[in-house]
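Quick note, my numbering runs 36 ahead of the 1-based positions in the sequence shown. Yeah, the Cβ is synthetic: ideal placement off N, Cα and C, and Gly gets one too. Computed from a prediction, not measured in an experiment: that's the story for all the values here. Take a look at the structure set out below.
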Amino acid sequence: MHRIYLDNASTTPIEPRVLEKMLPYFAEYFGNASSIHSFGQQTKTVLEESRERIAKLLGAEPSEVFFTSSGTESNNFALKGFAMAAVLAGKPSCIVSSRLEHKAVLESLAWIEKMFGIDIVYIKHDAHGRLDLDDLKNILATRRAESVLISLMHANNELGNVNPIKEIAALAKDYGAMVHTDAVQSAGKILLNVRDLNVNMASMTGHKFHAPKGVGAIYIKHGTAIEPLLHGGSHERNRRAGTENYALALGFAEGLAIAIEEQEKNFLHAQTLRAALLAALEKETVEFSINGDAENSLPHIVNLTFNIRSRRKLAGDVLLLGLDAEGVAASSGSACTSGTEKPSHVLLALGKTEDEARASVRISFSKFNTAEDIEAAAARIGTVLRRLSPQMATIS
Numbered sequence: 037m038h039r040i041y042l043d044n045a046s047t048t049p050i051e052p053r054v055l056e057k058m059l060p061y062f063a064e065y066f067g068n069a070s071s072i073h074s075f076g077q078q079t080k081t082v083l084e085e086s087r088e089r090i091a092k093l094l095g096a097e098p099s100e101v102f103f104t105s106s107g108t109e110s111n112n113f114a115l116k117g118f119a120m121a122a123v124l125a126g127k128p129s130c131i132v133s134s135r136l137e138h139k140a141v142l143e144s145l146a147w148i149e150k151m152f153g154i155d156i157v158y159i160k161h162d163a164h165g166r167l168d169l170d171d172l173k174n175i176l177a178t179r180r181a182e183s184v185l186i187s188l189m190h191a192n193n194e195l196g197n198v199n200p201i202k203e204i205a206a207l208a209k210d211y212g213a214m215v216h217t218d219a220v221q222s223a224g225k226i227l228l229n230v231r232d233l234n235v236n237m238a239s240m241t242g243h244k245f246h247a248p249k250g251v252g253a254i255y256i257k258h259g260t261a262i263e264p265l266l267h268g269g270s271h272e273r274n275r276r277a278g279t280e281n282y283a284l285a286l287g288f289a290e291g292l293a294i295a296i297e298e299q300e301k302n303f304l305h306a307q308t309l310r311a312a313l314l315a316a317l318e319k320e321t322v323e324f325s326i327n328g329d330a331e332n333s334l335p336h337i338v339n340l341t342f343n344i345r346s347r348r349k350l351a352g353d354v355l356l357l358g359l360d361a362e363g364v365a366a367s368s369g370s371a372c373t374s375g376t377e378k379p380s381h382v383l384l385a386l387g388k389t390e391d392e393a394r395a396s397v398r399i400s401f402s403k404f405n406t407a408e409d410i411e412a413a414a415a416r417i418g419t420v421l422r423r424l425s426p427q428m429a430t431i432s
């Protein structure tokens, strides 16, 4: 059976050109980039050239780009670093976010509220996940005397919604607030110029655009008050202690460069695959609704709620396991919360019932998926759904 991977929003296969570029730096070149001898200076050069390359691709200065281990660490760094800086400054502070964020943001916010007593305010959104900017404006108007950070993702990892971060940043500037955006899903897929967006911080990770796992990055605009999470050496200009992994940094830079070079082509390819999937599912007489904002979203992600009528309620990941048995890899939401028996917090926030959330699947494409993959996957999805639900009725 030909297995079909349609879970690229969770992680992507590494680009062969990226791997080839990295390989010498796992064995042949091994010096500590902080050492002053030639072995260290050789790898230090690779590290800094990678930083410069990433900065140029993002519209940033090299001194504003910091390497981390993941998007999760980058998000933690931005939020907890802001909170600690605000506490040390002794100024009342507040963080504004939404219930649709990745767990790396939501769990960090819960920790910050518990540890520091900082107010966390969640803005409203509609049933499609579109943010209410009027509500944001009202919140900012009542928080003028405080140090405020707005943390909203650039593109939603479960729905694909692209949020108007540039507009949000302009609004924030009017009220003296800072902006952090989780750009993990958008980096390499749509234009991401941090200077143009006018954000203070942006989080990214390599493995979402065919670079290696284990490396992330965070953009921190000059003048942004933030405290480090990790202490020890003076690595990353005293922002993040720990020996740098120059091989992974190189892979991140190479992967991002390739993704941006191929961005338009890959975007159109994802649009074609998305349209093909929806058409093929309709031919399978599969009944579904599309979650998210169809007009402003990444074509790489499609989130579907299927109408499954069964005598028994779906338990946990039954639908996904059925798809996997048929050779189709997909997900019900963020890979970071899979296997928890809990339905997607994003879909629940949109007003879906637990049964509807459990009958939902996130399908996400990459440049390596083909039209043949999509046709075969749709047929297998139909097989699984008919097995689970002999009688299908339209979802209202």
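Can you tell me whether residue 183 is buried or exposed? The criterion is at least 16 other CB atoms within 10 Å of its CB, across all chains shown.
buried
Just how far apart, CA to CA, sit residue 342 and residue 398?
11 Å
Excluding five sequence neighbours on each side, which residues of the same chain lie with their C-beta closer than 6 Å to the C-beta of residue 58?
The answer, listed in chain order, is 283, 286 and 287.
Run through DSSP, which three-state label would residue 108 get?
helix
Own chain, CB closer than 8 Å to residue 423, minus 5 neighbours either side, in chain order:
358
Residue 467 (DSSP reduced to helix, strand or coil)
Only positions 37 to 432 of the chain appear in the structure, and residue 467 is not among them; the question remains open.
Nearest to residue 196 by alpha carbon, out of 221, 180 and 177?
221
For a test of the three-state rule: what should DSSP assign to residue 413, helix, strand or coil?
helix
Per DSSP, which one or two residues make a beta bridge with residue 255?
101 and 238
Anyone know if the C-beta pair for residue 410 and residue 246 falls short of 9 Å?
no
Local conformation of residue 324 per DSSP, three classes
Here DSSP, grouped into helix, strand and coil, assigns residue 324 to strand.
Return the first residue and the last residue of the alpha helix (DSSP H) that residue 164 is part of.
Premise fails: residue 164 is in no alpha helix (DSSP H) and is neither H nor E.
With 16 other CB atoms within 10 Å as the buried threshold, where does residue 44 fall?
The residue in question, residue 44, is buried, as its Cβ has 16 or more Cβ neighbours within 10 Å.
Leaving out the 5 sequence neighbours to the left and right, which residues in its chain are closer than 7 Å to residue 78 when beta-carbon positions are compared?
Within the same chain, residue 78 has close Cβ partners 65 and 67.
Is residue 259 closer than 9 Å to residue 268 when the C-beta atoms are compared?
The criterion of a C-beta distance shorter than 9 Å is not satisfied by residue 268 and residue 259.
Tell me whether residue 128 is buried or exposed, calling it buried when 16 or more other Cβ atoms sit within 10 Å of its Cβ.
Only exposed fits residue 128, as fewer than 16 other CB atoms lie within 10 angstroms of its CB.
Quick check on the burial criterion: 16 or more other C-beta atoms within 10 angstroms. Buried or exposed for residue 317?
buried
Range of the contiguous beta strand (DSSP E) that encloses residue 294:
No beta strand (DSSP E) contains residue 294, which is instead part of the alpha helix (DSSP H) from 282-297.
Residue closest to residue 226, alpha-carbon to alpha-carbon, out of 94, 89, 237 and 54
94
Across the region 135-151 and the region 290-302, are there enough close Cβ pairs to call them in contact, namely three or more that are closer than 8 Å?
no
Classify residue 276 as helix, strand or coil using the three-state DSSP reduction.
Reduced to three states, the DSSP call for residue 276 is coil.
Sorted by chain position, which residues of the same chain lie with C-beta nearer than 7 Å to residue 37's C-beta, five sequence neighbours on each side aside?
363
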